[in-house]
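Numbered according to my numbering, the sequence shown spans residues 1 to 351. Idealized CB from N, CA, C, for every residue including glycine.
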Amino acid sequence: MAMKAWKRTTLVLLIAGCAALTGCSSSESPKEALLNALAKTNDAKTFTYTGSFTIDDIRLPETPGTATNQEALLKAALPMLLKGAVIQVRGVVQQEPRHAELTLDAKLGTGDVKLSLTVPMIITADRLYMKMPDIPGLGVPQEAAGKFVVIDAKKLAEEQGGANAMADGSIVRLSEDTLKALFDSLDEKTYFSEPKAADVKDVPEGYKADRFVRMTVDESQADEAMTAIAGKAIPQIIDLILKNEAYMKALSVTEAQLEAAKKELTADKLKQGTTIKAMDVTGGIQDDYLTFESGHVQLDSTDAAKGIKLDAHFELTRGNLNETVKFDYEEPKGAVPLDRLQDWLAPDGAK
Numbered sequence: 001m002a003m004k005a006w007k008r009t010t011l012v013l014l015i016a017g018c019a020a021l022t023g024c025s026s027s028e029s030p031k032e033a034l035l036n037a038l039a040k041t042n043d044a045k046t047f048t049y050t051g052s053f054t055i056d057d058i059r060l061p062e063t064p065g066t067a068t069n070q071e072a073l074l075k076a077a078l079p080m081l082l083k084g085a086v087i088q089v090r091g092v093v094q095q096e097p098r099h100a101e102l103t104l105d106a107k108l109g110t111g112d113v114k115l116s117l118t119v120p121m122i123i124t125a126d127r128l129y130m131k132m133p134d135i136p137g138l139g140v141p142q143e144a145a146g147k148f149v150v151i152d153a154k155k156l157a158e159e160q161g162g163a164n165a166m167a168d169g170s171i172v173r174l175s176e177d178t179l180k181a182l183f184d185s186l187d188e189k190t191y192f193s194e195p196k197a198a199d200v201k202d203v204p205e206g207y208k209a210d211r212f213v214r215m216t217v218d219e220s221q222a223d224e225a226m227t228a229i230a231g232k233a234i235p236q237i238i239d240l241i242l243k244n245e246a247y248m249k250a251l252s253v254t255e256a257q258l259e260a261a262k263k264e265l266t267a268d269k270l271k272q273g274t275t276i277k278a279m280d281v282t283g284g285i286q287d288d289y290l291t292f293e294s295g296h297v298q299l300d301s302t303d304a305a306k307g308i309k310l311d312a313h314f315e316l317t318r319g320n321l322n323e324t325v326k327f328d329y330e331e332p333k334g335a336v337p338l339d340r341l342q343d344w345l346a347p348d349g350a351k
């Protein structure tokens, strides 16, 4: 697998792990608290959540080669739309029977370039549904605009010879193992702390945590942190995947690709592309569950033309854990299959 693809896969796994952080016991160290909380929250039968993700600044890499007029226009518009973007999220999760909902309310752009859209998504054991926005200029075929598109995960897994990761829970288990490897690679005293409530920003009004836990990497620690992650966490994560067939099938990777990634994902190569300016994640814990999260990430690239610059922050609140929850949507009937949408999007000569 190419180096660029493995960087993306690694980043996705690390983000997936950090996004699932959960509760703890006060006698545990901050690192232990986050790991034990992750497992407990993943076992919750139900919960609801609300939150937001804000992009304060962004620069996208230049793409080589020629582009169509539409592609060039989109490329020029993206930074203007994404800088200052605020994405509100809300949703519900139920483990059995599997049903989860996520609604994104996005406000993109500033000044004269503005765009608002709402995108509901529904996840069951076998299918993922996403409602396509009905907004002129986005390139969504009229046949699909305003309708749900369905991805049949079970069918897709069978066609690709892999496992249905949505149904067998392998992605959740992998996120737990990934986070444990990441945390184990970082020194407890250097990167983990317990801030006072007064030092935690964006906490909802009336919210009181039993305990706050924070993981922080600042610019002065970035080199050491990247070395630790590349030297310890990444090899451990790859070994975990190699030893677990379900993980390999869920990621659709081969043993040869994983062994090659071990050699490619060195500290020196990771540092060549991205620099951590600041990164922190804070969790608020109530009754051993993580019911509040906030964080900030500031990344820059060593090559402005080829890399990405990102400055963003987020907050997330969970509630109604293990209680009866209500859903906004039933499983859609008559949804547009993904392959039909792909046919509509394909150029005439490629159909």
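Beta carbon of residue i nearer than 8 Å to that of residue j
| i | j | result |
| --- | --- | --- |
| Thr118 | His99 | no |
| Ile237 | Met248 | no |
| Lys107 | Val86 | yes |
| Tyr329 | Glu101 | yes |
| Lys31 | Phe212 | no |
| Ser52 | Glu315 | yes |
| Ala250 | Ile171 | yes |
| Asp56 | His313 | yes |
| Ala197 | Ala209 | yes |
Inter-residue Cα distance where the pair is residue i and residue j
| i | j | result |
| --- | --- | --- |
| Arg318 | Thr282 | 14 Å |
| Pro97 | Gln272 | 45 Å |
| Asp288 | Asn244 | 29 Å |
| Asp126 | Leu104 | 21 Å |
| Leu338 | Thr54 | 29 Å |
| Glu188 | Gln298 | 22 Å |
| Thr190 | Asn42 | 27 Å |
| Val336 | Gly295 | 36 Å |
| Glu331 | Ser116 | 25 Å |
| Leu128 | Phe327 | 15 Å |
| Leu258 | Asp239 | 8 Å |
| Lys263 | Thr275 | 21 Å |
| Ser301 | Leu270 | 11 Å |
| Lys180 | Pro141 | 43 Å |
| Gly23 | Gly206 | Note that Gly23 scores a pLDDT of 37, beneath 50, so its modelled location is shaky; the value from the coordinates is reported in the next line. Their backbone Cα atoms lie some 19 Å apart in a straight line. |
| Lys75 | Ile151 | 27 Å |
| Thr50 | Pro204 | 11 Å |
| Glu224 | Ile308 | 21 Å |
| Met132 | Leu156 | 20 Å |
Nearest to residue i (by Cα), restricted to the options the options
| i | options | result |
| --- | --- | --- |
| Ala33 | Ile285, Glu323, Lys269 | Ile285 |
| Leu310 | Gly111, Gly91, Asp239, Arg59 | Arg59 |
| Asp303 | Pro61, Asp126, Lys31, His313 | Pro61 |
| Lys147 | Asp343, Lys180, Gly334 | Gly334 |
| Gly109 | Ile135, Met121, Leu81, Met132 | Leu81 |
| Ala39 | Leu156, Glu224, Leu290, Ile151 | Leu290 |
| Ala77 | Leu270, Val113, Asp300, Ile135 | Val113 |
| Arg173 | Glu28, Leu156, Asn36 | Asn36 |
| Ala222 | Thr254, Pro204, Val203, Leu186 | Leu186 |
Same chain only: Cβ atoms within 8 Å of residue i, ignoring 5 sequence neighbours per side
| i | result |
| --- | --- |
| Asn322 | Ala44, Lys45, Thr46, Phe47 |
| Pro79 | Ile58, Arg59, Leu60 |
| Glu194 | Pro30, Arg211, Phe212, Val213, Arg214 |
| Thr254 | Met248 |
| Glu28 | Asn36 |
Close beta carbons around residue i, own chain, < 7 Å, minus the five adjacent residues each side
| i | result |
| --- | --- |
| Val325 | Thr46, Thr48, Val92, Gln94 |
| Ala267 | Met226, Thr227, Ala230, Gly231 |
| Lys201 | Ser294 |
| Asn320 | Thr46, Phe47, Thr48 |
Close Cβ partners of residue i (< 6 Å) along its chain, the five nearest in sequence each way excluded
| i | result |
| --- | --- |
| Leu341 | Ala144, Val149 |
| Met130 | Met121, Val149 |
| Lys306 | Pro61 |
| Gly84 | Thr110 |
| Phe192 | Pro30, Lys31, Met215 |
Practice task
Evaluate contact between the region 214-223 and the region 271-291, counting only Cβ atoms and requiring at least three cross-stretch pairs below 8 Å.
Solution key: yes
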